[in-house]
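For reference, the structure is listed below as structure tokens.
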Amino acid sequence: MGQYIVRRLLQAIPLLFMTSLVIFILLQSAGDPLATMGGRVPPRAEDRERLRRQLGLDQPMLTQYVYWLIGNDWVMIDRDGDGEGETPGTRRGVLRGDFGQSIVTRQPALQIIVDRLPNTLILMLSAEILVISLALVVGVISAIRQYSLLDNILTGFSFIAFSMPIFLVAFILMYIFAVKTREWGLPYFPTAGMFDPAEGRTIAQVVWHMVLPITTLALIGVAGYSRFIRSNMLEVINSDYIRTARAKGLQERTILYVHAFKNASLPLVTLIGLDLPFLLGGAIVTEKIFAWPGMGRLFIDHLERLDYAVLMGILMMITAAVVLFQLITDLLYTWLDPRIRYN
Amino acid sequence: MATATSQPIKIASIEANHKTRTPLQMAITRFARHRAAMMGFVLMMAVFLYIIIGSFIFTEKDANFNDTSIRLMPPSAEHPFGTDRVGRDIMARTIYGGQISLIIGALAVIVEVTLGTALGAIAGYYGGIIDSLLMRFTEAMLSIPSLLLLLVMAKFFSGQIPDVHLFGRTFSGSVVVIIFILGLTSWMTLARIVRSTVLSLKEQDFIHAARALGATNSRIIIAHILPNSLASIIVAGTLGVAGAILSEAYISFLGLGVQAPTASWGNILTEAQEFQIIKDAPWYWFFPGMLILLTVLSINFVGDGLRDALDPRSDKKV
Numbered sequence: 001m002g003q004y005i006v007r008r009l010l011q012a013i014p015l016l017f018m019t020s021l022v023i024f025i026l027l028q029s030a031g032d033p034l035a036t037m038g039g040r041v042p043p044r045a046e047d048r049e050r051l052r053r054q055l056g057l058d059q060p061m062l063t064q065y066v067y068w069l070i071g072n073d074w075v076m077i078d079r080d081g082d083g084e085g086e087t088p089g090t091r092r093g094v095l096r097g098d099f100g101q102s103i104v105t106r107q108p109a110l111q112i113i114v115d116r117l118p119n120t121l122i123l124m125l126s127a128e129i130l131v132i133s134l135a136l137v138v139g140v141i142s143a144i145r146q147y148s149l150l151d152n153i154l155t156g157f158s159f160i161a162f163s164m165p166i167f168l169v170a171f172i173l174m175y176i177f178a179v180k181t182r183e184w185g186l187p188y189f190p191t192a193g194m195f196d197p198a199e200g201r202t203i204a205q206v207v208w209h210m211v212l213p214i215t216t217l218a219l220i221g222v223a224g225y226s227r228f229i230r231s232n233m234l235e236v237i238n239s240d241y242i243r244t245a246r247a248k249g250l251q252e253r254t255i256l257y258v259h260a261f262k263n264a265s266l267p268l269v270t271l272i273g274l275d276l277p278f279l280l281g282g283a284i285v286t287e288k289i290f291a292w293p294g295m296g297r298l299f300i301d302h303l304e305r306l307d308y309a310v311l312m313g314i315l316m317m318i319t320a321a322v323v324l325f326q327l328i329t330d331l332l333y334t335w336l337d338p339r340i341r342y343n
Numbered sequence: 001m002a003t004a005t006s007q008p009i010k011i012a013s014i015e016a017n018h019k020t021r022t023p024l025q026m027a028i029t030r031f032a033r034h035r036a037a038m039m040g041f042v043l044m045m046a047v048f049l050y051i052i053i054g055s056f057i058f059t060e061k062d063a064n065f066n067d068t069s070i071r072l073m074p075p076s077a078e079h080p081f082g083t084d085r086v087g088r089d090i091m092a093r094t095i096y097g098g099q100i101s102l103i104i105g106a107l108a109v110i111v112e113v114t115l116g117t118a119l120g121a122i123a124g125y126y127g128g129i130i131d132s133l134l135m136r137f138t139e140a141m142l143s144i145p146s147l148l149l150l151l152v153m154a155k156f157f158s159g160q161i162p163d164v165h166l167f168g169r170t171f172s173g174s175v176v177v178i179i180f181i182l183g184l185t186s187w188m189t190l191a192r193i194v195r196s197t198v199l200s201l202k203e204q205d206f207i208h209a210a211r212a213l214g215a216t217n218s219r220i221i222i223a224h225i226l227p228n229s230l231a232s233i234i235v236a237g238t239l240g241v242a243g244a245i246l247s248e249a250y251i252s253f254l255g256l257g258v259q260a261p262t263a264s265w266g267n268i269l270t271e272a273q274e275f276q277i278i279k280d281a282p283w284y285w286f287f288p289g290m291l292i293l294l295t296v297l298s299i300n301f302v303g304d305g306l307r308d309a310l311d312p313r314s315d316k317k318v
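Those protein sequence lines, which keep their order, are chains U and L.
Mind the numbering: the first sequence is residues 1 to 343 in this note's numbering, read in order.
Mind the numbering: the second sequence is residues 1 to 318 in this note's numbering, read in order.
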């Protein structure tokens, strides 16, 4: 087992290396980060040159990648443009925990990401928990009552929800629960931000502001998950050991909720394990519509400015989490299903 | 003697009663019996008719004609879907935007299917080091969140492709970019499906027979293996169109997709995302949003029906 874990982690190194190199090259050649600096007044040509040298953007792309990866405190940087390095570099590189500096705010990129992470996690994890619990109810019910009216309604509904563009869901919810309910004099939900600045960031405020974005995410999420649970449950219900359980006279409820459900939820563990790391990236569209200050919005805002330190930080964090969660999921699975062994 | 002559007659009568049907005919029957699939098919045709007939009624000039004196007008006889914030007719824009969205969906899937099938078939057929390299690459692509990757690529290519002139119309270069990057970021699942069918097929006797007859590797792949994985390719491709239309809508919605003045269902909604417009001009986002929903829904139904229809084992009573 120990050997297996080590081998998997070693395999992850080239994967992370390849991904980081490709994304780095894409981002570096996507445009000039200096073009949007200085707002409306474009910087003068000589200022541009100086900035470019200061930020290290004058270096060849692969050199920049190496500096990003392992830092540049072992070389002399040419800051005055005379072709000779005289200032010692200060960056320590990603491998030593330095994700570089944001071009936009001049803060460490890692700091910017870590500041935003809780906002995204609170939104995405609450949505995920709601999605899984609702999907379990919907999926199990429609499997037990296969082809009944209820199953057909739930199936039709999840097909529609699954095909909905997420912004349409968000707009409809906003229109009904923020615009119309207000007109009718009913309580209405906020549509922007995490809290009312006048009230401050209290738990009640954040929960209140989360209602609409979470409902949006849940409607779409439940549709996919419940279909998955339904088909797993159906497969298990029709298997031999369930027939045995029936034959020996167990109560139908025990059969369904103890015998069948346990095995049917196994593949769900994989699905959740593979989905969890992607929650880190936030929900770009939902966060943008509801002005939620999370990772998705951070990404799109900094993509506009081509702030590669922050963008690389976000993407590499998610990719590393994906690799890690895949491993955890696989290990968890051997524990849940003893028939599976890795060698 | 008598029995010997009656034998062929008996067989002929059996054939007359039970017409042999080709697999394709059986698939069509299964598809036609699938209620949701037929509903999806009818819905899909309705969307096609809308954007085709519509383009005879409105010209592309109408779709881009702005009249600021009629900004944000609610639906009326003259403008059935209302007008947008520079006074353009939203119905005309959904018609031309729909053409762009559907073209992007279809062409992106062609890129996706070509890449996915080629890489999957090569990895599965040749195995060994080629297989592990290609599969590691597939894994790497799958471990990056697809929407983030799409946005990075959209940014990378933005403004690099000049406008395209086709059939007397001008398409923004961004349309080509979107088709290309949607294809480039979505082939992975299909590659895995194709690879696994190729793996299970390549050790079968008819492949050995083909090789013994001197068929080349590429002929074995194209003429013998791929036709056998056609069903899963068709299903994945159909569902891929729905996914591509949604992805196009998302990146256009975020402002990195199809660029104005070319309309697409996604970028009509970009302009509609201010709270004032959501509140005061619901027609602005409702109609393009519903068209995306109906299109994606119909394609998903058809894809689901095709999955059942093309699976020979699913010949149960529907």
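Glycine residues also receive a C-beta, built at the ideal position from the N, C-alpha and C atoms.
Bridge partners of residue i, per DSSP?
i: glutamine 101(U); result: Pro108(U)
i: proline 88(U); result: Met76(U)
i: phenylalanine 171(L); result: Val164(L)
i: aspartate 89(L); result: Thr83(L)
I'd like the list of long-range same chain contacts for residue i, defined as Cβ closer than 7 angstroms, with 5 residues on each side in sequence excluded.
i: histidine 208(L); result: none
i: methionine 39(L); result: Phe301
i: arginine 48(U); result: Leu34
i: glutamate 84(U); result: Asp78
i: alanine 12(U); result: Val323
i: arginine 8(U); result: Leu327
i: proline 74(L); result: Gly82, Trp283
Do residue i and residue j have their C-beta atoms within less than 7 angstroms of each other?
i: alanine 236(L); j: arginine 30(L); result: no
i: threonine 197(L); j: serine 158(L); result: no
i: glycine 31(U); j: leucine 306(U); result: yes
i: serine 102(U); j: valine 310(U); result: yes
i: leucine 102(L); j: isoleucine 251(L); result: no
i: leucine 199(L); j: glycine 303(L); result: no
i: glutamate 271(L); j: glycine 257(L); result: no
i: isoleucine 174(L); j: aspartate 163(L); result: One point to set straight first is that residue 174(L) is serine, not isoleucine, in the sequence displayed. Against a cut-off of 7 angstroms, the Cβ pair of aspartate 163(L) and serine 174(L) comes out as no contact.
i: alanine 37(L); j: glycine 255(L); result: no
i: glycine 124(L); j: arginine 195(L); result: yes
i: tyrosine 65(U); j: phenylalanine 99(U); result: no
i: glycine 282(U); j: threonine 120(U); result: yes
i: threonine 216(U); j: alanine 170(U); result: yes
i: leucine 276(U); j: phenylalanine 325(U); result: yes
i: isoleucine 95(L); j: glycine 54(L); result: yes
i: alanine 260(L); j: arginine 93(L); result: no
Looking only at its chain, what residues have a beta carbon closer than 6 angstroms to the beta carbon of residue i, apart from the 5 residues adjacent to it on each side?
i: aspartate 330(U); result: none
i: leucine 24(L); result: none
i: valine 211(U); result: Phe189
i: phenylalanine 167(L); result: none
i: alanine 192(U); result: Ala291
Among residues of its own chain, excluding the 5 on either side of residue i, which ones have a beta-carbon nearer than 8 angstroms to its beta-carbon?
i: valine 206(U); result: Ile122, Met194, Phe195
i: aspartate 341(L); result: Limits of chain L in this structure are 1 at one end and 318 at the other, which puts residue 341(L) out of reach.
i: methionine 44(L); result: Thr295, Ser298, Ile299, Val302
i: methionine 188(L); result: Gly116, Thr138, Met141, Leu142
i: threonine 3(L); result: Interpretation of threonine 3(L) is limited by its pLDDT of 47, a score under 50 that renders its predicted location unreliable; the figure taken from the coordinates is listed afterwards. Hits under 8 angstroms: none found.
i: leucine 150(U); result: Ile141, Ser142
The ligand NAP and residue i: does the residue's C-beta get closer than 6 angstroms to at least one heavy atom of that ligand?
i: alanine 154(L); result: The ligand NAP is not part of the structure shown, which contains no ligands of any sort.
Cβ contact (3+ pairs, closer than 8 angstroms) linking the stretch 101–116 of chain U and the stretch 294–309 of chain U: yes
Pairing CB atoms from the stretch 221–235 of chain U with CB atoms from the stretch 253–267 of chain U, are three or more of them under 8 angstroms? yes
Are there three or more Cβ pairs, one per stretch, closer than 8 angstroms when the stretch 154–168 of chain U is compared with the stretch 215–227 of chain U? yes
If contact is defined by three or more beta carbon pairs under 8 angstroms, each pair taking one atom from either stretch, is the stretch 275–292 of chain U in contact with the stretch 238–255 of chain U? no
Quick one: any contact between the stretch 107–121 of chain L and the stretch 240–251 of chain L, if contact means 3 or more CB pairs under 8 angstroms? yes
Check whether the stretch 69–81 of chain U touches the stretch 252–259 of chain U, counting contact only when three or more Cβ pairs, one atom from each stretch, lie closer than 8 angstroms. no
Complete runs of the alpha helix (DSSP H) confined to the stretch 212–277 of chain U [at least 4 residues]: 240–247, 261–264
Is there contact here, the stretch 80–91 of chain L with the stretch 58–68 of chain L, by at least three beta-carbon pairs under 8 angstroms? yes
In chain order, which alpha helix (DSSP H) runs of at least 4 residues are fully inside the stretch 165–217 of chain U? 166–174
Count the C-beta pairs between the stretch 4–24 of chain U and the stretch 136–145 of chain L that are closer than 8 angstroms, then say yes if the count reaches three, no if not. yes
If you scan the stretch 20–70 of chain L from start to end, which runs of the alpha helix (DSSP H) of 4 or more residues do you find wholly inside it? 23–33, 35–57, 60–64
Which residue spans inside the stretch 244–306 of chain L form an unbroken alpha helix (DSSP H) run of at least 4? 265–271, 275–280
Three CB pairs or more closer than 8 angstroms across the stretch 261–281 of chain L and the stretch 215–232 of chain L: no
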